[in-house]
Amino acid sequence: MSSESPTELDCFQQLYQHSEIFEIIREHSGSEFHLQKQLRKNYSDEMVRAALTLSELRKRGRSKFTRADQMWFDRKSLEQATPEPVSQHKANRFSGTVYDFCCGMGGDLIALAEHATVMGVEISPVLCQFAAWNSEVYGVSGSVSLLNQRLEDIQDRQGRLHIDPDRRPDSGGKVIRIEDYLPGLETLQELISQFQGGAIKLSPASNFAGKFPGSETELISLSGECKEATIWFGDLAGEHEFRATAISKTGQIDSIAGHPMDAYVELADPGSYIYDPDPAVVRSGLLDVAAAQAGLSRLDPEEEYLTSAEVVESPFFRRFRILEELPNNDREIR
77 MSSESPTELD CFQQLYQHSE IFEIIREHSG SEFHLQKQLR KNYSDEMVRA ALTLSELRKR
137 GRSKFTRADQ MWFDRKSLEQ ATPEPVSQHK ANRFSGTVYD FCCGMGGDLI ALAEHATVMG
197 VEISPVLCQF AAWNSEVYGV SGSVSLLNQR LEDIQDRQGR LHIDPDRRPD SGGKVIRIED
257 YLPGLETLQE LISQFQGGAI KLSPASNFAG KFPGSETELI SLSGECKEAT IWFGDLAGEH
317 EFRATAISKT GQIDSIAGHP MDAYVELADP GSYIYDPDPA VVRSGLLDVA AAQAGLSRLD
377 PEEEYLTSAE VVESPFFRRF RILEELPNND REIR
């Protein structure tokens, strides 16, 4: 069961009913001390603290959500939330009926509801309420149902699955091993066999290799930062074992699929240009595949940098012109 107290949920429900408090916070131009003093004339201490915290989180949330200023989340759920461009990209594969297990504050749920009828399942009553309100913010509540239950209590396995297991199960920082997620590896493997298809969201730093035979592993980057590893299974898995997808700041999506052994790039001396690969390409193991398609050569068998004599345009590589070659000697470089 969740450790949250009824008071916490009550506090947020009161904030929802008195949303004018956020307008007061937005319009205030003085010190926080005077703001708190003003707010406490009409609202409880708990409401004031929660409203100020949420207002700050909404500012941070703008980097992930276009409607962050109206959304509901706590610190942990915002940190774990999928950025909107990534969740929208993933949601394009879904249709029909989808269970969103461990839906949190509803980031993926909202995107899924644009394409499917979604049943969100969340053990935290506060996060379950957040997901409901956030669905209203994005106008998709008509396609969403929510259950405040443990996923073990959900017996229906009809349709498809999206699951975002908790990577901070004990609030002691992120865990890397999938075995330490909540739910862990064994449960995730069981779910794959029970649904017709779906996706498992993992950290790109996790030990996903070889854990889900027959699946497709997609590494997704956003604005040059690798955000997640998505395990596609069942009827949503692609024909290739690995995929790297790069989403640019402007929303352009480029994807490459294959197997790390599909290509081998020869070594070469530095040409006129050097290239820094997108982290999704590196983490997926498709560096040589992408390099071969672009006509690039490796500089070193152990390093990820590539080179070419002529200009090569590719969404998977940042290009730099080589101005001068210096010896690998710190003193001489200084």
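Using our numbering, read the sequence shown as starting at 77 and increasing by one per residue. Cβ coordinates follow ideal geometry from the N, Cα and C atoms, glycine included.
Alpha carbon of Arg-374 to alpha carbon of Glu-386, nearest angstrom | When rounded, the distance between both Cα atoms is 14 Å.
Throw me the rounded Cβ distance for the Ile-329 and His-191 pair, which I believe falls under 8 Å.
-> His-191 and Ile-329 do not touch by the CB rule: their CB atoms are close to 16 Å apart, not below 8 Å.
How many Å lie between Arg-395 and Pro-403 at the Cα?
-> Distance from the CA of Arg-395 to the CA of Pro-403, rounded to the nearest whole angstrom, comes to 21 Å.
Spatial distance of Lys-303 from Gly-314 (CA atoms) | Roughly 20 Å between the two C-alpha positions.
Could you tell me which of Leu-363, Ser-384 and Tyr-340 sits nearest to Ser-348, measuring between CA atoms?
-> Closest in C-alpha terms to Ser-348, from the list Leu-363, Ser-384 and Tyr-340, comes Ser-384.
Is Tyr-351 buried or exposed, if buried means 16 or more other CB atoms sit within 10 Å of its CB?
-> Sixteen is the threshold: when 16 or more other Cβ atoms of the shown chains lie within 10 Å of the Cβ of Tyr-351, as they do, the residue is buried.
Separation of Lys-113 from Gly-300, as counted between CA atoms | Whole-angstrom Cα-Cα distance: 43 Å.
Could I get the ranges of all uninterrupted beta strand (DSSP E) runs contained in the region 278-336, with 3 residues as the minimum, in chain order?
-> Fully enclosed beta strand (DSSP E) runs of 3 or longer: 292-298, 301-310, 318-323 and 329-334.
The region 249-256 / the region 180-189 touching (three or more Cβ pairs under 8 Å) | In short, these stretches do not touch, since the Cβ pair count stays below three.
Where does Tyr-214 sit, in a helix, a strand or coil, going by DSSP?
-> Looking at Tyr-214 - three-state DSSP - the assignment turns out to be coil, as it is neither helix nor strand.
Evaluate Pro-245 with the Cβ neighbour count: other Cβ atoms within 10 Å of its Cβ, from every protein chain shown; 16 or more gives buried, anything less gives exposed.
-> Burial call: exposed.
Contiguous beta strand (DSSP E) assignments of at least 3 residues, all confined to the region 348-383 | Counting only runs of 3 or more residues that sit fully inside the region 348-383, the beta strand (DSSP E) segments are 349-353, in chain order.
Can you grab the Cα-Cα spacing for the pair Pro-353 / Glu-294, in whole Å?
-> The alpha-carbon of Pro-353 is positioned some 16 Å away from that of Glu-294.
Neighbour-count burial assignment, Gly-361, 16 or more Cβ in a 10 Å radius | By the 16-neighbour rule on beta-carbons within 10 angstroms, Gly-361 is buried.
With Phe-109 and Phe-149 assumed to form a contact (beta carbons below 8 Å), what rounded beta-carbon distance in angstroms separates them?
-> About 26 Å separates the two Cβ atoms, so there is no contact after all.
Jot down the residue ranges of each uninterrupted beta strand (DSSP E) in the region 167-199, minimum 3 residues, whole runs only, in chain order.
-> Taking only runs of at least 3 residues, the beta strand (DSSP E) segments lying wholly in the region 167-199 are 173-177 and 193-197.
Within 10 angstroms of its Cβ, does His-94 collect 16 or more other Cβ (buried), or is it exposed?
-> Residue burial is scored here from C-beta neighbours: His-94 has fewer than 16 other C-beta atoms within 10 angstroms and is therefore classed as exposed.
Taking C-alpha atoms, which residue in Leu-203, Glu-132 and Leu-267 lies nearest to Gln-231?
-> Nearest C-alpha to Gln-231: Leu-267.
Rounded straight-line distance, which links the Cα of Lys-135 to that of Val-124 | Going by C-alpha positions, Val-124 is about 17 Å away from Lys-135.
DSSP on Phe-98, reduced to helix/strand/coil?
-> Reduced to three states, the DSSP call for Phe-98 is helix.
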